[in-house]
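Below you'll find the structure, written out as C-alpha cells, and then a few comments.
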Amino acid sequence: MAQTMDPNNMPILSEASVSVEIETEDMTLNIGPQHPSTHGVLRLVAKINGEKISSVEPVLGYMHRGYEKLAEVRTYPQVTTLVNRIDWVSGFANEIPFIAGAEKLMEIEVPERAQYIRLILTEMARISSHFVFNGAFPLEIGALTPIFLAMEDRERVLDLLESVTGGRFHPNFNRIGGVKPAAGAGPTTKKDIQDLPAGFYHDTKVAMQKVLEAVDRFEDLIGGNEVFQLRTKNVGILPKEVAEEYGVSGPILRASGVEFDLRKQSNYLPYDKFDFEIPIGENGDCFDRWAVRTSEMRESAKIILQAIEDMPSGPIQAKVPKVIKVPKGQTYVRAENPKGEMGYYIISEGGLGPYRLKIRTASFSNISILPIMLEGALLPDLIAIMGSLDFVLGDVDR
Amino acid sequence: MSFSTELLIKVLVVLATAPAMALGLTLLEVKGSAWMQRRPGPLHVGLRGFIFPLATAAKYLQKETIIPNDVDEPVFKWAPAWVIAAVVGLFTIIPLSPTLIVRDLELGVFFLLAISSISTIGVLTAGWSSANKFSLMGGLRAAGQLIAYELPLILSVVGVVIQAETMSTVGIVEKQIEFGFPFVIAGQGIAFIIFMIAATAEMMRTPFDMPIGESELTMGFFTEYSGIRFLIFYISEYINLFVMCAIASTLFLGGYHVPLLPTEWVNFYGPLVLIGKTFLLAFILIAIRWSFPRFREDQLQTLAWKVLIPLSLLNIMVTAIMKVVF
Chain A
1 MAQTMDPNNM
11 PILSEASVSV
21 EIETEDMTLN
31 IGPQHPSTHG
41 VLRLVAKING
51 EKISSVEPVL
61 GYMHRGYEKL
71 AEVRTYPQVT
81 TLVNRIDWVS
91 GFANEIPFIA
101 GAEKLMEIEV
111 PERAQYIRLI
121 LTEMARISSH
131 FVFNGAFPLE
141 IGALTPIFLA
151 MEDRERVLDL
161 LESVTGGRFH
171 PNFNRIGGVK
181 PAAGAGPTTK
191 KDIQDLPAGF
201 YHDTKVAMQK
211 VLEAVDRFED
221 LIGGNEVFQL
231 RTKNVGILPK
241 EVAEEYGVSG
251 PILRASGVEF
261 DLRKQSNYLP
271 YDKFDFEIPI
281 GENGDCFDRW
291 AVRTSEMRES
301 AKIILQAIED
311 MPSGPIQAKV
321 PKVIKVPKGQ
331 TYVRAENPKG
341 EMGYYIISEG
351 GLGPYRLKIR
361 TASFSNISIL
371 PIMLEGALLP
381 DLIAIMGSLD
391 FVLGDVDR
Chain B
399 MSFSTELLIK
409 VLVVLATAPA
419 MALGLTLLEV
429 KGSAWMQRRP
439 GPLHVGLRGF
449 IFPLATAAKY
459 LQKETIIPND
469 VDEPVFKWAP
479 AWVIAAVVGL
489 FTIIPLSPTL
499 IVRDLELGVF
509 FLLAISSIST
519 IGVLTAGWSS
529 ANKFSLMGGL
539 RAAGQLIAYE
549 LPLILSVVGV
559 VIQAETMSTV
569 GIVEKQIEFG
579 FPFVIAGQGI
589 AFIIFMIAAT
599 AEMMRTPFDM
609 PIGESELTMG
619 FFTEYSGIRF
629 LIFYISEYIN
639 LFVMCAIAST
649 LFLGGYHVPL
659 LPTEWVNFYG
669 PLVLIGKTFL
679 LAFILIAIRW
689 SFPRFREDQL
699 QTLAWKVLIP
709 LSLLNIMVTA
719 IMKVVF
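Rendered as C-alpha cells:
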C-alpha cells in the first residue's frame with residue numbers, strides 16, 4: 001500500500017523527506033479447502049506478493065475421521081475395514097502393516113502362498129496409485145489428456161484386484177494369519193482351497209505387459225513433453241538433508257537421492273526373493289519425483305511377473321483360534337506404501353481389539369515440508385510442488 | 399439497396415454466422431479431445447455427439463445467474479460484452495470472397511490489431527470487478543499476457559503487409575493469387591508460426607491458459623460468472639478461435655483462394671474454402687491444447703519478449719531487405 005498522508009498531520013516542508021520506496025502488503029490467499037488441486041480438503045493459507053509466495057501454512061483436519069479412536073472399539077479383524085479407507089487410492093496396501101503387526105504380536109507364521117498373494121496385491125495397489133499420480137500431476141500443471149489415459153490403464157489393475165478380492169478400492173482381503181479365499185474362486189473343497197480365480201496368472205501377465213507399455217507411453221507423453229519439463233525441472237528442489245530431517249518418506253525421499261525403501265530394508269513381506277531395483281532421483285525436483293514414481297511402476301510390474309512365475313503352493317491361512325485375541329504387548333510394524341512409509345503402533349492389553357492404535361501415515365509427514373518448499377516459490381509452482389508430493393487427504397487426516 | 403438496409407443485412411448475417419462457427423468449433427474441440435483421450439461419451443452420446451454443443455449452450459442458458467454480493471455490478475455485468483464485441487467486430491474484415499466481406503477496409507490489418515485488443519478491457523474488468531482474489535490474479539495475468547503477445551502478433555503481420563504492399567485483407571489475398579503461392583510458403587513461414595503462437599496466447603488457450611488456469615485459479619477471471627454471462631465468455635472464446643484462424647488463413651494461407659478453381663465462381667466456393675482452412679488450423683490448435691501442460695507466467699513472458707519479438711523484428715528486417723533487393 002502506498003504511504004498515505006494525513007492532511008491534518010502534514011510534515012513541515014523542511015522536515016519532509018521523499019520516500020521513493022513503495023511498501024506493498026502481502027495478500028492472504030486461502031487456497032482450499034475447496035479448491036481443484038488440493039486433493040480433497042487441504043487448506044493452505046498463503047501470503048503472496050504478486051505471484052510470489054512469502055509464506056504458506058497448511059491447515060489440516062477437515063477430513064479427520066478418528067480412525068485411531070474407532071479402532072479401540074473394534075476387534076482386530078474389523079480394523080482392516082477401517083484402515084482400507086486411510087489412503088483410498090491404494091486401499092489394499094494399508095491393510096498389510098496392521099495385519100503384520102497383529103500377527104507379530106500373536107507370533108503367527110503366515111503361509112508363504114498367502115504372503116505371495118499379499119505381495120502381488122500390494123504391488124498392484126502401488127501401480128494403481130502411481131497411475132492416479134500420473135494422471136493427476138499433469139492435470140494440475142495443465143495437461144488434461146493423461147488423466148483419461150491413466151484411468152483407463154489403471155482399470156486393468158483394478159479389474160485384477162477385484163477378481164481376487166471382490167473390491168476395487170476397499171478390498172478388506174487380509175485375515176490374521178493369511179488371506180481370504182478369493183471371490184469367484186469356484187467350488188472349493190476342504191483339501192484344495194481355490195484362492196486365486198481361474199485364469200488369474202494369464203490375465204495378470206497380459207495386464208502387466210500392458211502396464212509396462214503404458215509406462216513407456218507415459219514416459220513419452222508426459223516426461224518427453226517440453227512444457228512439462230519446463231514446469232517441473234529445477235522446481236521445488238528438496239535437498240537430501242531437509243528431506244531426512246522432516247521424516248519424508250517414499251518416492252519423495254528417494255527422488256532426493258536417499259536410498260531408503262522398506263521393501264529392501266524390512267521383512268514384512270518376502271521382497272528379498274525378487275530381483276528389483278529402487279529408482280533414485282538426482283536433484284529432488286518435481287520432475288525427479290514424477291520419474292521415480294513412474295519407474296517404480298515398471299519395477300512393481302516386474303515384481304508381480306516374478307511372483308507369478310514362482311508362486312508357491314500350499315495353504316493360504318495359518319491356524320488361528322476362532323476368537324482372535326492378541327496377547328499383551330506392543331509392536332510397531334512399518335511398510336513401504338505407495339505414498340511412503342506407513343506404520344502401525346499397536347498396544348495390546350490382551351483383548352479382542354487394540355488398546356491403542358497409532359497410525360503413522362506417509363502423506364502427513366510428507367506435507368510437513370510444504371512450508372519450507374513453498375517459501376519464495378511462485379504460485380504456479382505451488383500447484384506443481386503440491387501435485388508432485390502426491391498426498392491423499394485421507395492419508396493426512398486419518 | 400440503401401446503406402442502412404445493407405448494413406442491417408450484414409449485421410444479421412454476422413450475428414448468425416459467429417455463434418454458428420462457435421458451435422462448429424466447439425463440436426470439433428469436443429470430438430477432437432474425446433478422440434485424443436479415448437473418451438467414448440462425446441463420440442456416441444446424442445446423435446453421435448453432434449447434439450453436444452447445443453446441449454452445452456442450452457445448459458448454460460437455463461442456469462441461474464449468480465451475482466455475488468461484493469461485485470462492482472455494472473462493471474461485472476458489462477465485462478462479457480466487451481469481449482464478445484471485440485471478437486464479433488473482427489468479422490468485419492474477414493473476406494469470404496473478393497465481394498463477400500462486410501467492409502474491405504483500406505487499413506484492414508490495422509483494424510484487426512486495434513479491435514482485438516479491446517477484449518483486454520473486458521478480461522481485466524471481469525477480473526477486477528469480481529471481488530475475488532483468484533479472479534483478480536487471473537485478470538492481471540490475462541492483462542500481462544495479452545499486452546505481451548499483442549506485440550509479436552502485430553510484428554508478425556508487418557512482414558505480410560510489407561510483402562503485400564497493402565493493409566486490406568482482400569488486397570493481401572489478391573496479392574497471394576497474383577504471386578502464385580500463399581505467403582506461408584513465399585517468405586513468411588516464420589511469421590506464420592509466430593502469428594499462430596501469439597494468437598494462441600491471445601485466445602488464452604493451453605499452453606498459454608495461465609489466466610484461466612483451472613487447477614490453480616479455479617477459473618481465473620471468470621470464476622464468479624455463471625449462466626448466460628459465462629456462456630458469452632465461452633462462446634466468444636470459440637468465436638475468437640474462428641476469427642484468429644480465419645485471419646491466419648487469409649494472411650498466410652491464401653484465404654478464399656485455391657489454385658485451379660475458376661475465379662469467376664469464387665463467391666460460391668470461397669466461403670467453404672476459407673472455413674475449411676480455418677477449421678484445419680483450429681484443429682491444430684485443438685491438438686496442441688490437449689497435449690501440452692501450461693506455461694508458467696514468467697516462462698510465458700520470457701517466450702514473448704526474448705524469443706518471439708526479436709524473431710518477428712528479424713523477420714521484418716529480412717522481408718524489407720528482400721523487398722528492396724527484388
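Protein sequence lines, in the order shown, are assigned to chains A and B. Residues in the first sequence are numbered from 1 upward in steps of one, following my numbering. Residues in the second sequence are numbered from 399 upward in steps of one, following my numbering. By construction, the Cβ of each residue, glycine as well, lies at the ideal position given by its N, Cα and C atoms. Everything numeric in this text was worked out from a predicted model, so none of it was measured.
Check                                                                                                                                                                         : Outcome
For the 8 Å Cβ check, are there 3 or more pairs between the stretch 83-99 of chain A and the stretch 328-344 of chain A?                                                      : yes
Residues in the same chain with beta-carbon distance under 8 Å from B/K721, minus the five sequence neighbours each way, listed in chain order, please.                       : I560, Q561
Is the separation between the beta-carbon of B/M434 and that of B/W688 shorter than 7 Å?                                                                                      : yes
What are the start and end residues of the alpha helix (DSSP H) that includes A/S128?                                                                                         : 112-140
Residues of chain B with a CB under 8 Å from the CB of A/V227: which are they?                                                                                                : P605, F690, P691, R692, F693
Among residues of its own chain, excluding the 5 on either side of A/M63, which ones have a beta-carbon nearer than 8 Å to its beta-carbon?                                   : G40, V41, L393, G394, V396, D397
Taking 7 Å as the threshold (C-beta atoms), are A/L158 and A/R168 in contact?                                                                                                 : yes
Can you list the alpha helix (DSSP H) stretches of 4 or more residues lying completely in the stretch 636-714 of chain B, in chain order?                                     : 664-687, 695-700
Whose CA, out of A/L29, A/L82, A/E68, A/G329, lies closest to the CA of A/P58?                                                                                                : A/L29
Would B/S533 and B/F474 qualify as a contact pair, given that the criterion is a beta-carbon distance under 7 Å?                                                              : no
Just the Cα atoms here: how many angstroms apart are A/P380 and A/G199?                                                                                                       : 47 Å
In the DSSP assignment, the beta strand (DSSP E) including A/T204 goes from what residue to what residue?                                                                     : Looking at the DSSP string, A/T204 is not in any beta strand (DSSP E); the run it does join, the alpha helix (DSSP H), is 200-218.
Can you check the stretch 492-519 of chain B for any alpha helix (DSSP H) of at least 4 residues that lies completely inside it and give the ranges in chain order?           : 506-514
Give a yes or no on whether the minimum CB-CB distance between B/E614 and chain A is below 7 Å.                                                                               : yes
Quick check on A/N401: does DSSP put it in helix, strand or coil?                                                                                                             : The first residue shown for chain A is 1 and the last is 398, placing residue 401 of chain A beyond what the model contains.
Residues of chain B with CB closer than 8 Å to the CB of A/P138, please, in chain order.                                                                                      : P691
Grouping DSSP H, G and I as helix and E and B as strand, with all else coil, what is A/M27?                                                                                   : strand
Looking only at its own chain, which residues have a Cβ that is under 7 Å from the Cβ of B/L659, when we skip the five neighbours before and after it?                        : Y667
Taking C-beta pairs closer than 8 Å, name the residues in chain B that A/E411 reaches, listed in chain order.                                                                 : Because chain A is modelled from 1 through 398, residue 411 of chain A falls outside the range shown and cannot be assessed.
Measuring CB to CB, does A/Y201 end up less than 7 Å from A/I304?                                                                                                             : no
Does any CB atom of chain B fall closer than 7 Å to the CB of A/S129?                                                                                                         : no
With a threshold of 7 Å on Cβ separation, who are the neighbours of B/D607 within its own chain once the five nearest residues in sequence on each side are excluded?         : R692
For A/F148, go through chain B and note every residue whose CB falls closer than 7 Å to its CB, in chain order.                                                               : Q435, R436, R437
To be precise: take each residue of the stretch 39-57 of chain A, compare its Cβ to all Cβ atoms of chain B, and keep it if any distance is under 7 Å. Which residues remain? : E51
Taking DSSP as the reference, what is the three-state secondary structure of A/P97?                                                                                           : helix
Which residues, in order along the stretch 284-312 of chain A, keep a beta-carbon less than 9 Å from a beta-carbon of chain B?                                                : none
Going by the DSSP bridge assignment, what does A/Q330 pair with across the sheet?                                                                                             : A/I347
In the structure shown, what three-state DSSP assignment does A/K191 receive?                                                                                                 : At A/K191, the pLDDT of 44 sits below 50, so the modelled position is not reliable and the matter cannot be decided from this model.
If we define contact as Cβ-Cβ less than 7 Å, is B/K531 a contact residue for chain A?                                                                                         : yes
Does the distance from the C-beta atom of B/V469 to that of B/A529 stay below 7 Å?                                                                                            : yes
Hey, out of B/I626, B/F650, B/S400, whose CA is closest to B/K573's CA?                                                                                                       : B/F650
Is there contact between the stretch 493-505 of chain B and the stretch 552-571 of chain B, where contact requires at least three CB pairs shorter than 8 Å?                  : yes
Among B/T648, B/T717, B/I591, which one has its Cα closest to the Cα of B/S495?                                                                                               : B/T648
Who pairs with A/V45 in a beta bridge, going by DSSP?                                                                                                                         : A/N30, A/E57
Is the Cβ-Cβ distance between A/F354 and A/I367 less than 7 Å?                                                                                                                : The amino acid occupying residue 354 of chain A in the given sequence is Pro; Phe does not appear at that position. It is not a contact, given that the beta carbons lie outside the stated cut-off.
In the DSSP assignment, find the unbroken beta strand (DSSP E) run with B/K408 in it and report its ends.                                                                     : Per DSSP, B/K408 belongs to no beta strand (DSSP E); it is in the alpha helix (DSSP H), 401-435.
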